[in-house]
Amino acid sequence: MKSLGLNPKPIDNGKLLSEIINKIKDLNHPDRYKCIQYFIYNVTPGTTNAANLKAKFLKEIILNEFSIEEISPSFAFELLAHMKEELLSKSSLTYSRNR
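So the mapping is simple: this note's numbering equals the position in the sequence shown, first residue as 1, plus 37.
Given below as structure tokens:
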């Protein structure tokens, strides 16, 4: 897909993201690195099941309930803040369009 200039479809499905998170938690999974990349960069922000799962997993990292070398608590907080900014930005656009 990358060779064609295409990026992966954004993840908005909670079941799919749950599988990705399980693979991230498995330190020996062969696709773990790719799953971390998808988790960080390809989850649709907003109120989807996937966004809610991402927020919950980031919260686990922030509270040190789960430790992952690739995502520090401060980076997890940054990702969570970015999700909130995206959601607020989309809400503002919707509000201004409906006025």
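Every residue gets a Cβ at the ideal spot worked out from N, C-alpha and C, and that includes glycine.
Separation of residue j from residue i, as counted between CA atoms
i, j, result
"R69", "D63", "7 Å"
"N99", "I58", "According to the sequence displayed, residue 99 carries Ile and not Asn. Answer to the nearest angstrom: the Cα atoms are 15 Å apart."
Short CB-CB distance (under 9 Å) between residue i and chain D
i, result
"P45", "As a matter of chain content, chain D is missing from the structure shown, which is built from one protein chain."
Best match in the options for proximity to residue i [C-alpha to C-alpha]
i, options, result
"H119", "A92, F103, I58", "A92"
"F103", "I61, N50, P45", "I61"
"N79", "I105, L116, K46", "K46"
Contact set for residue i: own chain, Cβ-Cβ below 7 Å, skip 5 residues either direction
i, result
"E107", "I73"
"P110", "I98, I99, N101"
"D49", "T81, T85, A87"
Continuous alpha helix (DSSP H) stretch holding residue i: start and end
i, result
"I99", "86-99"
Same chain, Cβ closer than 8 Å to residue i, neighbours up to 5 away in sequence not counted
i, result
"L117", "A92, L95, K96, I99"
Assess, as a yes-or-no matter, whether the region 85-95 is touched by the region 41-59 under the definition of 3 or more beta carbon pairs within less than 8 Å.
Taking one beta carbon from each stretch, the region 41-59 and the region 85-95 have 3 or more pairs nearer than 8 Å; the two touch.
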